[in-house]
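Participant: This is the structure I want to talk about, given as structure tokens.
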Amino acid sequence: LMEPSCIDVTQTGKNVDVAANGLLSLLDRAVKRRVAQAPLPKSQSTSDASVAVLFSGGIDSVVLAALSHRHIPLSQPIDLINISFFNDADNENNATTPTSPDRLAAILSYNEMLRRFPERRWRFVAVDVPYKEVLEQEKHILRLISPLDSTMDFNIATAFWFAGRGKGRILGMDEVEDVERGLQSKAVVGNDTMPTSSQEPLLRFANGDKSSNGKESSKAARPTCIREGCSRLALHGCVFQACKFCCGKFQGPISSYLGKSARLCPAHNPINGQQSNSNGARRSSSRKQKKTAPPTAPTGVGKRQPAPPNSKKNLVTSCAKILLSGVGADEQMAGYGRHRTTYQRGGYETLRAELQMEVGRLWKRNLGRDDRCLSDHGKEARFPYLDEDVMAYLETLPLEEKCDMTRPLGEGDKLVLRKVARMIGVVECSSLVKRAIQFGSRIAKVSDKSRFGSSRKATGQKKIVADKGLDGANVNH
8 LMEPSCIDVT QTGKNVDVAA NGLLSLLDRA VKRRVAQAPL PKSQSTSDAS
58 VAVLFSGGID SVVLAALSHR HIPLSQPIDL INISFFNDAD NENNATTPTS
108 PDRLAAILSY NEMLRRFPER RWRFVAVDVP YKEVLEQEKH ILRLISPLDS
158 TMDFNIATAF WFAGRGKGRI LGMDEVEDVE RGLQSKAVVG NDTMPTSSQE
208 PLLRFANGDK SSNGKESSKA ARPTCIREGC SRLALHGCVF QACKFCCGKF
258 QGPISSYLGK SARLCPAHNP INGQQSNSNG ARRSSSRKQK KTAPPTAPTG
308 VGKRQPAPPN SKKNLVTSCA KILLSGVGAD EQMAGYGRHR TTYQRGGYET
358 LRAELQMEVG RLWKRNLGRD DRCLSDHGKE ARFPYLDEDV MAYLETLPLE
408 EKCDMTRPLG EGDKLVLRKV ARMIGVVECS SLVKRAIQFG SRIAKVSDKS
458 RFGSSRKATG QKKIVADKGL DGANVNH
């Protein structure tokens, strides 16, 4: 079924450059296998794409899009499908679609694709989903993913289902330009209509926020919380490299085991008020800054008004039958925040065992769920990172060549793939910090808030509960 590899994986060498060269060769072939004979859409028109990429703007999807460009005729466009959810109540008095982290990342990467491959016609399909539409499809999606019934499974499945439907609007260049200006002026901070208390940037890079001159922000000195889905800053000296809330979450199971408060972290659990003075000074300084420097209205992002999500302007439905997905990259190259926690707990040996376990359960844990949601629209999901040769090659590489957990987020995770991205000339995404689809698309935020009252009350493995909907009536039963 699969072509034999032409690369001797025993001769890959010990450095990341050699490993990246081998991965690029095999990944390029894996993409070619999956797109070269893609069926034309029903329209038989070259104006419609035969292949689409589930495009979060992160490194996994951008590499797939760049490689698919090599093997799809230039006469055909390539659809880049990006999904974003919003709460109707929060957007009631605003005609525009709230910005999600994945939307910003995707626009940033899309703009680079336009510059890097100008001969290709890229179509950015912005799929904007109001939460009321999620409620309308809730029962159907739950049937598709059964017997899975966790909050995390439902949120991920919902993102895949709406992305697979491919109904959205063609992104205009005015929005692209606005995001570029916003990044240059750092206006993406706090611009979301559903801001977090941390007011952290929606886009996070390896060494801080991207500034107008291309240099990194001084915030790089303070790392981001390691817990997946959290964008707050970690406190210096925290043993878990976490914010105060997540540090408490990490200590909870240990406290339960001991039968008393563990108080493991000296940074968040100071003894005899060691840090009270410094914390008080920090708060005082913060208050002074707020008084002397009142917040100004952001410029750039949001300055122009894009088409409302329910507008018929530029509305399209992607006809592509083949959908490329980046599933499998994180599980093989340690791309999730939890992998860093695992490494800190037990080093590379513990991390290696964790990755092997996750890869081994992918077919049961992820693929069935995702494939059923995408094929429900008559689409076929294809997973180049799960190509037989790609997986065999990655398995032979030393873990230290696939990831370097001594480096910061957005740099050490998926290290070899970030090197591949730079090799093929897509660099904007190569230092973006990973966000899982349920967090990047904001489905977890709007869904968990509606079902449980807040995102903090929901955990990934918590069973999904029927949402009472916008009018208070139980939707499911």
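In my numbering, each number is its position in the sequence shown, counted from 1, plus 7.
Yeah, the Cβ is synthetic: ideal placement off N, Cα and C, and Gly gets one too.
Helix, strand or coil for G175 per DSSP?
Facilitator: Looking at G175 - three-state DSSP - the assignment turns out to be strand.
Participant: Quick one: residues in its chain with C-beta nearer than 8 Å to the C-beta of I431, no 5 flanking neighbours on either side, listed in chain order?
Facilitator: Cβ neighbours of I431 beyond the five flanking positions: L31, V70, A73, L74.
Participant: Whole alpha helix (DSSP H) runs in the region 48-120 with 4 or more residues, listed along the chain?
Facilitator: Those alpha helix (DSSP H) runs which fall completely within the region 48-120 and span 4+ residues are 66-75.
Participant: State whether the region 352-363 contacts the region 138-146, with contact taken as three or more CB pairs (one from each stretch) at a distance under 8 Å.
Facilitator: Taking 8 Å as the limit for Cβ pairs, the verdict is that the region 138-146 does not touch the region 352-363.
Participant: Would you mind stating whether A45 and C326 have Cβ atoms separated by less than 8 Å?
Facilitator: No, these two residues do not count as a Cβ contact at 8 Å.
Participant: Which first and last residues belong to the alpha helix (DSSP H) in which E140 is found?
Facilitator: From DSSP, the alpha helix (DSSP H) with E140 extends over 138-152.
Participant: According to DSSP, simplified to helix, strand and coil, what is K452?
Facilitator: Helix at K452.
Participant: Assign P137 to one of two classes, buried (16 or more other C-beta atoms within 10 Å of its C-beta) or exposed (fewer than that).
Facilitator: When all chains shown are included, P137 counts as buried.
Participant: Where R36 and Y392 are concerned, what is the direct C-alpha to C-alpha distance, given to the nearest angstrom?
Facilitator: The straight-line gap from Cα to Cα measures roughly 11 Å.
Participant: Any chance you could list the beta strand (DSSP E) runs of at least 3 consecutive residues sitting entirely within the region 356-422, in chain order?
Facilitator: Correct list: 387-389.
Participant: Can you tell me where the beta strand (DSSP E) holding I233 begins and where it ends?
Facilitator: Run containing I233: none; DSSP gives neither H nor E here.
Participant: If you reduce the DSSP assignment to three classes, tell me which class L30 lands in.
Facilitator: Note: L30 maps to helix in three-state DSSP.
Participant: From L81 to S54, what distance separates their C-alpha atoms?
Facilitator: Each residue's Cα considered, the two are about 11 Å apart.
Participant: Tell me whether the region 433-441 and the region 158-169 touch, counting them as touching only if at least three CB pairs, one residue from each stretch, are closer than 8 Å.
Facilitator: Contact between the region 433-441 and the region 158-169 is absent, because fewer than three Cβ pairs lie under 8 Å.
Participant: I444 lies in the alpha helix (DSSP H); which residues open and close that run?
Facilitator: Residues 444-447.
Participant: By the 10 Å Cβ neighbour count, where 16 or more other Cβ atoms means buried, how is L265 classified, buried or exposed?
Facilitator: Counting Cβ neighbours within 10 Å, L265 comes out exposed, since fewer than 16 surround it.
Participant: Excluding the five sequence neighbours on either side, which residues of its own chain have a C-beta within less than 7 Å of the C-beta of N286, listed in chain order?
Facilitator: The predicted position of N286 is uncertain, since its pLDDT is 46 and thus under 50; no value can be drawn from it.
Participant: Any contact of the region 438-454 with the region 370-388, i.e. 3+ C-beta pairs under 8 Å?
Facilitator: Taking 8 Å as the limit for Cβ pairs, the verdict is that the region 370-388 does not touch the region 438-454.
Participant: At the level of alpha carbons, what is the spacing between E407 and P48?
Facilitator: One C-alpha to the other measures close to 43 Å.
Participant: What does the alpha-carbon distance come out to for the pair K139 and I114?
Facilitator: The alpha-carbon atoms of K139 and I114 are separated by roughly 25 Å.
Participant: What is the rounded straight-line gap between the Cα of M340 and the Cα of G353?
Facilitator: The straight-line gap from Cα to Cα measures roughly 17 Å.
Participant: Just to confirm my understanding: we take T324, look at its own chain, exclude 5 residues before and 5 after, and list those with CB closer than 6 Å. What are they?
Facilitator: G173, K174.
Participant: In this structure, does DSSP put R130 in helix, strand or coil?
Facilitator: Of the three classes helix, strand and coil, the one that applies to R130 here is strand, per DSSP.
Participant: Quick check on K267: buried or exposed, where buried means 16 or more other Cβ atoms within 10 Å of its Cβ?
Facilitator: Exposed is the call here.
Participant: With a Cβ-Cβ cutoff of 8 Å, do S107 and S448 count as a contact?
Facilitator: The answer is yes: Cβ separation under 8 Å.
Participant: Using only CA atoms, which one of R347, V38, V23 lies nearest to E395?
Facilitator: The option with the nearest alpha carbon to E395 is V38.
Participant: With DSSP collapsed to three states, give me the class of D185.
Facilitator: The answer is helix: DSSP assigns D185 an H, G or I state.
Participant: Please name the residue, chosen from S454, P273, R110, W370, that lies closest to Q248 on a Cα-to-Cα basis.
Facilitator: Among S454, P273, R110, W370, the Cα nearest to that of Q248 is on P273.
Participant: Please name the residue in I450, A43, V366 whose C-alpha comes closest to that of E402.
Facilitator: Taking only the C-alpha atoms, the option nearest E402 is V366.
Participant: Within its chain, find whatever has a CB closer than 6 Å to the CB of H76; leave out the 5 residues flanking it on each side and keep chain order.
Facilitator: Same-chain partners within the cutoff: F124, R127.
Participant: When burial is assigned at 16 or more other CB atoms within 10 Å of the CB, is N100 buried or exposed?
Facilitator: Unreliable placement is indicated for N100, whose pLDDT of 44 sits below 50; the coordinate value is still reported in the next sentence. Exposed, since its Cβ has fewer than 16 Cβ neighbours within 10 Å.
Participant: Just the C-alpha distance for A300 and N28, rounded to the nearest angstrom, thanks.
Facilitator: Low confidence applies here, because A300 scores a pLDDT of 44, under 50, leaving its location unreliable; read the following figure in that light. Going by the C-alpha atoms only, they are around 49 Å apart.
Participant: Among G417, C410, K452, which one has its Cα closest to the Cα of V23?
Facilitator: If we check each option's Cα against that of V23, C410 comes out closest.
Participant: So, at 7 Å on beta carbons, what are the nonlocal neighbours of I79 in its own chain, with the 5 sequence-adjacent residues on each side left out?
Facilitator: Closer than 7 Å at Cβ, skipping near neighbours: V42, V58, I85.
Participant: Once you ignore the five residues that flank F131 on each side, which residues in its own chain have a CB closer than 6 Å to its CB?
Facilitator: These residues qualify, in order along the chain: L87, Y117, L178.
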